[in-house]
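Engineer: Next up is a structure, given as structure tokens.
Structural data, given as structure tokens:
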């Protein structure tokens, strides 16, 4: 990241304006871009039109991602001062941001020609340009930074960009970059920028303790330097200390409560999975009059996470937000794969499955690394909507022929999906059987089973077998997972309704053995009762009435109003009903 903090630009006879420009540069570095914009406008309106003002005004836009607005001021600077090199650097960087290397090279060449490679500021800004876009070239950055140091060896900013270039060249080695950052601090001990960079480097290397120490040291130099608090907030997020992360974001906002800063805070709330708070803050910012398409992006992402079976309105609001985002973004804005994926998810959540899948496929083409996570999410999303067939499709795509391709939680959820699907098929099968039975025989001959009846029966057995395999896999991965055996028992009851084997009995006995005594009366009470109800039924069906009675007495002791225990133990009533499926 480049820096223009404490940059000293001396204009003979323009001391007041130069001081204002210095103030604007400090505001930009403090990420108070909106306030800096006001100062820049005031400086430029008062004139005369010095080229550096246009350039750094453009930089104020570039640093907050508004590259096209930046180019407006680079162009104004070139128009006002055709022979001044600095705005050619800005224009070249803009072309780099669009991946137009030939055009960028022409503007950089013009800047170098006009400066005759004798201007340290131009060399430094060229180095920054090669590092600030996605089209990076650390070798060219090193070349320009080296020239800047040669021309102005006492300027701390030159060593900062040189360190940045070295780190970009060799991201796994921080020794040389740190030396440059420390040199910058020695040259300007009142600036926190070198120490902040050291902290970022340590954070990048996952040495969080040292990173935190550096951020604290930066605060000691300048307690009003807002980025020190945002960096601490990001660090605490990585450490999963969300409360401290939010605390530091609030300190950041206390120093810089600009719309840009508040949007960053909302983004942090989203990353902390504080989706409700993110939406609340986002709506407050919109109510304050801010109209920014990127705010709609954050809101859409948060709404998509916030929505649920009981909060479907969030999906409606999310679709509106993501639609606004796509409609309002400039034509030159580069959408990322996750933008299309979010749109796809929200379309599906609003019942527009086909359109949603089109957007998601677009996302996966842009970034194949999203495939695995997206398949998992789609499988869960369609399962929530009880669209079993579609959910099954994405579980199968994620598995790619092997259970090892999905984790424990996904395997368990897939098993639950298959079991729920089997329940639906069983219901349809019973309804069809009843309808078939009600038909009058033709010419006194029994009606042949319909093809649909046979198809449903085959599908039911297939889903049960697949569900059994899923929960067997869960039990293999986590042998003490009680619910794996509860579900296996339920499935085996379906597969063996006439109690010809003891498979279901063994599964339920295993589940009971895993339930701790204290869990019998709390969160596993209903499962303990369910398992024992089947055991009572099993022993009664297989003629072991004494054991059946003992089991139902245990059930009644825990649940005095249990219907099945009451029916079995009361001789005036029939024996236990078949287990509920």
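Numbering (our numbering), first residue to last: 1239 to 1819.
Each residue gets a CB set at the ideal place from its N, CA and C atoms; glycine is no exception.
Here the structure is a predicted model, which is why all the values come from computation and not from measurement.
Can you give me the Cβ contacts of residue 1765 inside the same chain, cut-off strictly under 6 Å, excluding the 5 residues immediately before and after it?
Structural biologist: Closer than 6 Å at Cβ, skipping near neighbours: 1724.
Engineer: Whole alpha helix (DSSP H) runs in the segment 1414-1454 with 4 or more residues, listed along the chain?
Structural biologist: Correct list: 1431-1442.
Engineer: Does the distance from the C-beta atom of residue 1498 to that of residue 1311 stay below 7 Å?
Structural biologist: No; because the gap between Cβ atoms is not below 7 Å, this pair is not in contact.
Engineer: Residues in the same chain with beta-carbon distance under 6 Å from residue 1414, minus the five sequence neighbours each way, listed in chain order, please.
Structural biologist: The answer, listed in chain order, is 1404.
Engineer: Tell me the residue span of the alpha helix (DSSP H) that contains residue 1339.
Structural biologist: It spans 1339-1353 - the alpha helix (DSSP H) in which residue 1339 sits, taken as one unbroken run.
Engineer: What number of angstroms, rounded off, separates the C-alpha of residue 1738 from the C-alpha of residue 1780?
Structural biologist: Answer to the nearest angstrom: the Cα atoms are 9 Å apart.
Engineer: What are the start and end residues of the alpha helix (DSSP H) that includes residue 1368?
Structural biologist: Where residue 1368 is concerned, there is no enclosing alpha helix (DSSP H), given that its DSSP letter is neither H nor E.
Engineer: Decide if residue 1327 is buried, meaning its Cβ has at least 16 other Cβ atoms within 10 Å, or exposed.
Structural biologist: With 16 or more other Cβ atoms within 10 Å, it is buried.
Engineer: For the 8 Å Cβ check, are there 3 or more pairs between the segment 1692-1699 and the segment 1736-1754?
Structural biologist: Because the criterion of three Cβ pairs below 8 Å is not met, the segment 1692-1699 and the segment 1736-1754 do not touch.
Engineer: Thinking C-alpha only, which one of 1807, 1459, 1470 is nearest residue 1448?
Structural biologist: The candidate whose alpha carbon is nearest that of residue 1448 is 1470.
Engineer: Using alpha carbons as the reference points, say which of 1515, 1704, 1464, 1357 lies closest to residue 1490.
Structural biologist: When only C-alpha atoms are compared, the closest one is 1464.
Engineer: Between the Cα of residue 1579 and those of 1590, 1595, 1622, 1532, spot the shortest distance and give me the residue it belongs to.
Structural biologist: For residue 1579, the nearest C-alpha among the options comes from 1595.
Engineer: Is it true that the CB of residue 1394 sits closer than 7 Å to the CB of residue 1369?
Structural biologist: No, the Cβ-Cβ distance between residue 1369 and residue 1394 is not below 7 Å.
Engineer: If you compare alpha carbons, which of 1760, 1759, 1770, 1736 is closest to residue 1744?
Structural biologist: With distances taken between Cα atoms, residue 1744 lies closest to 1770.
Engineer: Please classify residue 1288 as buried or exposed, where buried requires at least 16 other C-beta atoms within 10 Å of its C-beta.
Structural biologist: So residue 1288 counts as buried.
Engineer: Write down the C-beta distance between residue 1396 and residue 1379 rounded to the nearest angstrom, noting that I regard them as a contact closer than 8 Å.
Structural biologist: That pair is no contact at about 12 Å.
Engineer: Expressed to the nearest angstrom, what Euclidean distance is found between the alpha-carbon atoms of residue 1363 and residue 1332?
Structural biologist: Their Cα atoms are separated by approximately 13 Å.
Engineer: Spatial neighbours of residue 1250 within its chain, please: CB distance less than 7 Å, with the 5 preceding and 5 following residues excluded, ordered by chain position.
Structural biologist: Note on residue 1250: pLDDT 38, under 50, position unreliable in the model; the coordinate value appears next. Around residue 1250: no qualifying Cβ.
Engineer: Grab me the residues of residue 1799's own chain with a C-beta within less than 8 Å of its C-beta, minus the 5 sequence neighbours each way, in chain order.
Structural biologist: Same-chain partners within the cutoff: there are none.
Engineer: Measuring only the C-alpha atoms, how far is residue 1440 from residue 1473?
Structural biologist: Cα to Cα, residue 1440 sits roughly 11 Å from residue 1473.
Engineer: When DSSP builds the beta bridges, which residues end up paired with residue 1546?
Structural biologist: Note: residue 1546 sits in a beta bridge opposite 1549.
Engineer: Measure the alpha-carbon distance for residue 1536 versus residue 1696 and round it to whole angstroms.
Structural biologist: Approximately 47 Å, taken between the alpha carbons.
Engineer: Inspect the beta-carbon positions of residue 1237 and residue 1709 and report whether they are closer than 7 Å.
Structural biologist: Because the chain in this structure spans residues 1239 to 1819, residue 1237 falls outside the shown range and cannot be described.
Engineer: Taking the straight line between their C-alpha atoms, what separation do you get for residue 1389 and residue 1360?
Structural biologist: Approximately 11 Å, taken between the alpha carbons.
Engineer: Work out the CA separation of residue 1547 and residue 1502 for me, nearest whole Å.
Structural biologist: Taking the straight line joining both Cα atoms gives about 29 Å.
Engineer: Counting pairs of beta carbons, one from the segment 1509-1527 and one from the segment 1287-1306, are three or more of them closer than 8 Å?
Structural biologist: No contact exists between the segment 1509-1527 and the segment 1287-1306.
Engineer: Whose C-alpha, out of 1511, 1352, 1656, 1721, is nearest the C-alpha of residue 1323?
Structural biologist: Ranking 1511, 1352, 1656, 1721 by Cα distance to residue 1323 puts 1352 first.
Engineer: Assuming residue 1510 contacts residue 1484 under a Cβ cut-off of 8 Å, what Cβ separation, rounded to an integer in Å, is found between them?
Structural biologist: 7 Å between Cβ atoms; contact.
Engineer: According to the Cβ coordinates, are residue 1656 and residue 1705 closer than 7 Å?
Structural biologist: Yes; because the gap between Cβ atoms is below 7 Å, this pair is in contact.
Engineer: Mind pulling the alpha helix (DSSP H) runs of 4 or more residues that sit fully within the segment 1623-1677?
Structural biologist: For the segment 1623-1677, whole alpha helix (DSSP H) runs of length 4 or above, ordered along the chain, are 1626-1637, 1646-1675.
Engineer: Does any CB atom of chain C fall closer than 7 Å to the CB of residue 1294?
Structural biologist: Included in the structure is just one protein chain, with no chain C present.
Engineer: Just to check my reading of the structure: residue 1588 and residue 1553 have Cβ atoms closer than 8 Å, yes? What is that Cβ distance to the nearest angstrom?
Structural biologist: Contact flag correct, Cβ pair sits at about 6 Å.
Engineer: Within this structure, are the beta carbons of residue 1660 and residue 1616 separated by less than 7 Å?
Structural biologist: No, the pair does not count as a contact, with Cβ atoms beyond the cut-off.
Engineer: What's the gap between the Cα of residue 1582 and the Cα of residue 1599?
Structural biologist: So the two alpha carbons sit approximately 9 Å from each other.
Engineer: Given that a residue counts as buried once 16 or more other Cβ atoms are within 10 Å of its Cβ, and exposed if not, what is residue 1301?
Structural biologist: Counting Cβ neighbours within 10 Å, residue 1301 comes out buried, since at least 16 surround it.
Engineer: Identify the continuous alpha helix (DSSP H) that holds residue 1759 and give its terminal residues.
Structural biologist: Segment: none, residue 1759 is in no alpha helix (DSSP H) and carries neither H nor E.
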